[in-house]
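Colleague: Letter by letter, the sequence shown follows residues 141 to 615 of the numbering used here.
First the structure, then my questions, so here it is.
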Amino acid sequence: MTYINKYSCLIVFSVALILRLIPEVLAYPYPIGYDVINYYLPILKNFDDYSAAISNQFPLYISLLYTISSTMKIDPRIVITSAVVLLYGLFSLVIFSIANKLLHLDNLQSVFLSIFLIFQFSVLRTSWDLHKDLFAITLAFLCFYYIEKSQNCRKVLAVIMPLGILVVLADRMIGFLFSISLLVSSIMRRDRILGSIAIFITIVFGFFLITHFDPIATNLQQAGNKDKINEIYTPVNLIVLFLVMNAILLPAGVVGLLKSKSKMNIFKIPFFISLAASFSWVVFPNTSAFLADRWITIFSIFLSLFSGYGFVLLIEKGYIAISNNKLNNYLMILIPFIFLGSAFAMSPNNSYLNIYGVFHPYISQYGPLTMQSNSISLPESKSLLSAIEWINNHTQEGSVIMGSKHLRGWMELELKGRTFLFADNNSRLLDSNKYSELYLLDLDSRQTTEIPENYLQALSYNNTDLSLYHLKRIE
141 MTYINKYSCL IVFSVALILR LIPEVLAYPY PIGYDVINYY LPILKNFDDY
191 SAAISNQFPL YISLLYTISS TMKIDPRIVI TSAVVLLYGL FSLVIFSIAN
241 KLLHLDNLQS VFLSIFLIFQ FSVLRTSWDL HKDLFAITLA FLCFYYIEKS
291 QNCRKVLAVI MPLGILVVLA DRMIGFLFSI SLLVSSIMRR DRILGSIAIF
341 ITIVFGFFLI THFDPIATNL QQAGNKDKIN EIYTPVNLIV LFLVMNAILL
391 PAGVVGLLKS KSKMNIFKIP FFISLAASFS WVVFPNTSAF LADRWITIFS
441 IFLSLFSGYG FVLLIEKGYI AISNNKLNNY LMILIPFIFL GSAFAMSPNN
491 SYLNIYGVFH PYISQYGPLT MQSNSISLPE SKSLLSAIEW INNHTQEGSV
541 IMGSKHLRGW MELELKGRTF LFADNNSRLL DSNKYSELYL LDLDSRQTTE
591 IPENYLQALS YNNTDLSLYH LKRIE
């Protein structure tokens, strides 16, 4: 690798680190990411209490974080943030390597392609809270890179095998996509070594899938229930999500896909698989069991790779020639994507700079409109912490607090000596008359709990964003 290559890598790596770190700094002292507040932080701070829960999931990534946090005595918040920021930097370097070594782009073109990807909505959204997905995708891309770069899997067997095992143990969806991609690629290439690797990794994935089958069984049961309608997973919402993530990328993506070199064939397989899975709602329109929104995000990451390459070809062949200077042409393509990505990563809620807010009625159910949020907005997080402090100081120990499921992570971390209840339908839980006395904590912006007539209610506390009602059942 030349000195210029090292310098280019440093630029890409630094931009990725800064881009992913700034949202964390802007949000401080509040964490960002739905799963961060509801999954990563509670588990890392109470790991032993969650052993049964994580045993039904793919716990590799969270276990790695816990090992680092416990052995090095580092605060879990720092470990979670540092890990995802570093992962973002590593992802950018993998993309640079793919551009430079597989697509044979020069340093400027490789830097362009790498920065183009890390500013994409889909990649930033994945890094917001789907940290183990980002971990698995980074390793999958790296594994694909080594397979195509060597053309002789025997030479890099010691690298591909452990990387592949880590991929399938890290995340169920990415593990499935990776295993199928390896199997299809080995058949297309008639490569026995790759086929053996693919079969072994698929067996490992299958075994792990069987031992963590409970969530899958629940999803399959949900998919088979034709009477259950999921109002969030509507065709209109999913089509809008698909277009928001991919419409601007599709023209150049088609060019990049058609013109990409043979060494990119292995990336085309997960591209088409994730595209098909993105429209699983056509076959199963009433269920979210197959996570079409997540597949749309994964597809958009692969599309971004081919779209970036397509833009390089269009610029180099003169189809995009805003200036006589190629650097200016690359910058003119990058600037809109940098603006869109930066606005998504850094703007507060309801910011006019973040155009994704225009699509709020359609896509807010599938992810954040800005990275400056966790399970609730940052202003609501501040109000919630104030409310929890009041509850801890002004209610009896053992009191029952009921609220939205979006608050469960905060309650796990901050509520002391009280029980927090949540359900998909809190009104139905109240109707059960199971509790004679409890407190109802309502986000004023999402008042969805109807208080039955057989409960007396009194407002105990409220602030800018929340209200706490003391409920007593009438005997």
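C-beta: ideal position from N, C-alpha, C; glycine also.
1) Suppose the cutoff is 7 Å on Cβ atoms and the five residues either side in sequence are ignored; what does the same chain contact list for glycine 229 look like?
2) Taking the alpha-carbon positions, what's the isoleucine 460 to glutamate 552 distance?
3) Taking the straight line between their C-alpha atoms, what separation do you get for isoleucine 436 and serine 576?
4) Identify whether histidine 610 lies in helix, strand or coil by the three-state DSSP scheme.
5) I'd like to check one pair, lysine 457 with leucine 243: are the Cβ atoms closer than 8 Å?
6) Of the choices Gln512, Phe261, Asp311 and Gln291, whose alpha-carbon is the least far from that of alanine 387?
7) How far does the alpha helix (DSSP H) with isoleucine 392 in it reach, from first residue to last?
8) Could you tell me the distance, in whole angstroms, from the CA atom of glutamate 520 to the CA atom of isoleucine 495?
9) Do valine 324 and isoleucine 314 count as a contact pair if the criterion is CB distance below 8 Å?
10) Using the three-state DSSP reduction, which class does phenylalanine 442 fall into: helix, strand or coil?
11) Around the Cβ of methionine 511, are there at least 16 other Cβ atoms within 10 angstroms (buried) or fewer (exposed)?
12) Between Glu554, Cys149, Val234 and Asp269, which lies nearest to arginine 160 when the distance is taken from Cα to Cα?
13) How is the alpha helix (DSSP H) around phenylalanine 560 delimited, first residue to last?
14) Between His546, Asp582 and Pro592, which has its C-alpha nearest threonine 604's C-alpha?
15) On the three-pair Cβ rule with 8 Å, is the region 175-194 touching the region 211-227?
16) Among Trp530, Thr559 and Glu529, which residue has its Cα nearest to the Cα of glycine 543?
17) Could you tell me whether the Cβ atoms of tyrosine 201 and alanine 280 are closer together than 8 Å?
18) Across which residues does DSSP place alanine 598 in a beta bridge pair?
19) Helix, strand or coil for glutamate 537, going by three-state DSSP, please let me know.
20) Is the region 496-516 touching the region 251-260 in the sense that three or more CB pairs, one from each, lie closer than 8 Å?
21) Can you list, in chain order, the residues of its chain whose CB lies under 6 Å from that of leucine 274, leaving out five sequence neighbours each side?
22) Mind reading off the beta-carbon distance from leucine 303 to leucine 282? Whole number of angstroms is fine, and I expect it under 8 Å.
23) Check whether the region 515-532 touches the region 179-187, counting contact only when three or more Cβ pairs, one atom from each stretch, lie closer than 8 Å.
24) Assuming serine 606 contacts alanine 527 (C-beta within less than 8 Å), just tell me the rounded distance between them.
25) Quick check on the DSSP output: what are the complete alpha helix (DSSP H) runs of length 4 or more inside the region 221-261, in order along the chain?
26) Counting beta carbon pairs with one atom in the region 293-300 and one in the region 202-209, are three or more of them shorter than 8 Å?
27) According to DSSP, which residues form a beta bridge with methionine 542?
28) Please list the segments of the beta strand (DSSP E) lying wholly inside the region 175-220, counting only runs of 3 or more residues, in order along the chain.
29) By the DSSP assignment, the alpha helix (DSSP H) with serine 515 in it spans what residues?
30) How should methionine 472 be labelled, buried or exposed, when 16 other C-beta atoms within 10 angstroms of its C-beta is the threshold for buried?
31) Measure the C-alpha to C-alpha separation of glycine 597 and histidine 271 and round it to an integer number of angstroms.
Modeller: Straight from the coordinates:
1) Taken in chain order, the residues that qualify are Phe153, Ala156 and Leu157.
2) Cα-Cα distance, rounded: 53 Å.
3) Those two C-alpha atoms are separated by around 45 Å.
4) Correct three-state label for histidine 610: strand.
5) Not closer than 8 Å, so no.
6) The shortest C-alpha separation from alanine 387 is found at Phe261.
7) First, the amino acid is wrong: residue 392 is alanine here, not isoleucine. Under the DSSP assignment, alanine 392 falls in the alpha helix (DSSP H) whose first and last residues are 390-399.
8) Approximately 22 Å between the Cα atoms of the pair.
9) No, the pair does not count as a contact, with Cβ atoms beyond the cut-off.
10) DSSP places phenylalanine 442 in the helix class (H, G or I) of the three-state scheme.
11) It is buried - the Cβ of methionine 511 has at least 16 other Cβ atoms within 10 Å.
12) Selected option, being the one with the closest Cα: Asp269.
13) Bounds of any alpha helix (DSSP H) do not take in phenylalanine 560; it lies within the beta strand (DSSP E) bounded by 559-561.
14) Minimum Cα distance to threonine 604 is reached at Asp582.
15) Taking a contact to require three or more Cβ pairs closer than 8 Å, the region 175-194 and the region 211-227 qualify as touching.
16) For glycine 543, the nearest C-alpha among the options comes from Thr559.
17) It is not a contact, given that the beta carbons lie outside the stated cut-off.
18) Note: alanine 598 sits in a beta bridge opposite His610.
19) In this structure, glutamate 537 counts as coil in the three-state DSSP scheme.
20) In short, these stretches do not touch, since the Cβ pair count stays below three.
21) Counting only residues of its own chain and dropping the five nearest sequence neighbours on each side, leucine 274 has a CB closer than 6 Å to the CB of Leu227, Thr266 and Ser267.
22) Yes, they are in contact, since the Cβ atoms of leucine 303 and leucine 282 sit about 6 Å apart, within 8 Å.
23) Because the criterion of three Cβ pairs below 8 Å is not met, the region 515-532 and the region 179-187 do not touch.
24) Reading the sequence as shown, one finds leucine at residue 606 and not serine. In this structure leucine 606 is in contact with alanine 527, their Cβ atoms being roughly 5 Å apart against a cut-off of 8 Å.
25) Annotation: the region 221-261 contains the following complete segments of the alpha helix (DSSP H) (minimum length 4 residues), in chain order: 247-258.
26) Because the criterion of three Cβ pairs below 8 Å is not met, the region 202-209 and the region 293-300 do not touch.
27) Answer is Leu561 and Leu580, bridged to methionine 542.
28) Runs found: none.
29) Following the DSSP letters along the chain, one finds serine 515 in no alpha helix (DSSP H), marked with neither H nor E.
30) The residue in question, methionine 472, is exposed, as its Cβ has fewer than 16 Cβ neighbours within 10 Å.
31) One detail in the question is off: residue 597 reads as glutamine in this sequence, not glycine. Those two C-alpha atoms are separated by around 41 Å.
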